[in-house]
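**Q** Please read through the structure below; I'll follow up with questions.
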Amino acid sequence: VDPVWYLPGIARRFNIKESVLRRSLFEQTGGMFPELVTRPDLKVFLPPIGGMTLYFFGDVTKLGQPDTRVACRVHDECNGSDVFGSDICTCRPYLAHGIEVCIEMAQQGGVGLVVYNRKEGRALGEVTKFLVYNARKRQVGGDRAETYFERTECVAGVQDMRFQELMPDVFHWLGIRRIDRWAS
1 VDPVWYLPGI ARRFNIKESV LRRSLFEQTG GMFPELVTRP DLKVFLPPIG GMTLYFFGDV
61 TKLGQPDTRV ACRVHDECNG SDVFGSDICT CRPYLAHGIE VCIEMAQQGG VGLVVYNRKE
121 GRALGEVTKF LVYNARKRQV GGDRAETYFE RTECVAGVQD MRFQELMPDV FHWLGIRRID
181 RWAS
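The structure is reproduced here in structure tokens:
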């Protein structure tokens with residue numbers, strides 16, 4: 001699923017003028033999309049951010065039915081751990097647990113859903129994430145969990161670039177009104 005933003009709707013949702021939203025997007029992308037400010041007739045914007053992949057377990061036709069139990073894991077991409085088994089973070093065990101919870105729900109007649117967001121390294125990207133990991137290992141006192149965000153800020157200038165405000169939209173698209181088991 002790739003993100004597509006209907007600008008009038010996004011502006012209403014955040015209680016700002018559409019022109020302010022357009023100007024902000026234009027400025028925050030370094031002027032990469034001049035049509036945001038020069039073409040107010042264009043109502044849709046495809047932001048340059050990663051999308052998501054949805055993995056379903058069970059009968060997806062049951063989604064949206066009031067008696068269907070739903071389990072869910074929302075997971076942000078982490079290739080180092082998820083794919084290559086790195087132990088510098090705990091992403092892979094959380095993903096594996098979420099998948100197990102979703103499979104169990106499907107085996108009980110419900111539906112399991114893993115929302116896999118393409119937000120590698122807190123949406124800072126894989127290269128930046130590895131720079132942070134290297135800085136963590138080289139810091140005085142070694143790699144310590146309590147300095148993780150500090151190291152990230154030193155390398156990237158921010159602690160986190162994920163924009164989570166729109167994350168729940170996927171549940172609305174699928175007709176999910178209730179999640180019975182949240183695997184975090």
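According to the numbering used here, the sequence shown is numbered sequentially starting from 1. Backbone N, C-alpha and C define an ideal beta-carbon position, used for all residues, glycine too.
Mind listing, in chain order, the continuous alpha helix (DSSP H) runs of no fewer than 4 residues lying wholly within the segment 63-94?
**A** As far as the segment 63-94 is concerned, its whole alpha helix (DSSP H) runs of at least 4 residues are 79-82.
**Q** According to the neighbour-count rule (16 or more other Cβ atoms, all chains shown, within 10 Å of its Cβ), is residue 23 buried or exposed?
**A** Exposed, since its Cβ has fewer than 16 Cβ neighbours within 10 Å.
**Q** Any contact between the segment 106-120 and the segment 141-152? By contact I mean 3 or more CB pairs, one from each, below 8 Å.
**A** The segment 106-120 is not in contact with the segment 141-152.
**Q** Excluding sequence positions up to five away, which residues of its chain have a Cβ less than 7 Å from the Cβ of residue 43?
**A** Excluding sequence neighbours, residue 43 sits near 6, 7 and 8.
**Q** Around the C-beta of residue 71, are 16 or more other C-beta atoms found within 10 angstroms, so that it is buried, or is it exposed?
**A** Residue 71 should be labelled buried.
**Q** Should the segment 72-89 be regarded as contacting the segment 115-125, the criterion being three or more beta carbon pairs within less than 8 Å?
**A** Touching, yes, given that three or more Cβ pairs across the two stretches are closer than 8 Å.
**Q** What do you reckon, are the CB atoms on residue 52 and residue 115 nearer than 8 Å?
**A** Against a cut-off of 8 Å, the Cβ pair of residue 115 and residue 52 comes out as a contact.
**Q** Can you tell me whether residue 131 is helix, strand or coil according to DSSP?
**A** If DSSP states are grouped into helix, strand and coil, residue 131 belongs with the helices.
**Q** Kindly indicate which residue of 168, 11 and 184 has the alpha-carbon position closest to the one of residue 177.
**A** Checking every option, the nearest Cα to that of residue 177 belongs to 168.
**Q** Go through its chain and collect everything with a Cβ distance to residue 37's Cβ below 7 Å, but skip five positions before and after it.
**A** These residues qualify, in order along the chain: 22, 23 and 26.
**Q** Looking at the structure shown, is residue 121 part of a helix, part of a strand, or coil, going by DSSP?
**A** It is helical.
**Q** From what residue to what residue does the beta strand (DSSP E) around residue 56 run?
**A** Segment 52-57, the beta strand (DSSP E) holding residue 56.
**Q** Which same chain residues, not among the five before or five after residue 45, have their C-beta less than 6 Å away from its C-beta?
**A** Counting only Cβ-Cβ distances below 6 Å, and skipping sequence neighbours, we find 5 and 7.
**Q** Does DSSP classify residue 111 as helix, strand or coil?
**A** Three-state result, residue 111: strand.
**Q** Can the beta-carbon of residue 111 be found closer than 8 Å to that of residue 60?
**A** Result yes, Cβ atoms of residue 111 and residue 60 sit closer than 8 Å.
**Q** In or out: residue 113 buried (at least 16 other Cβ within 10 Å) or exposed?
**A** Counting Cβ neighbours within 10 Å, residue 113 comes out buried, since at least 16 surround it.
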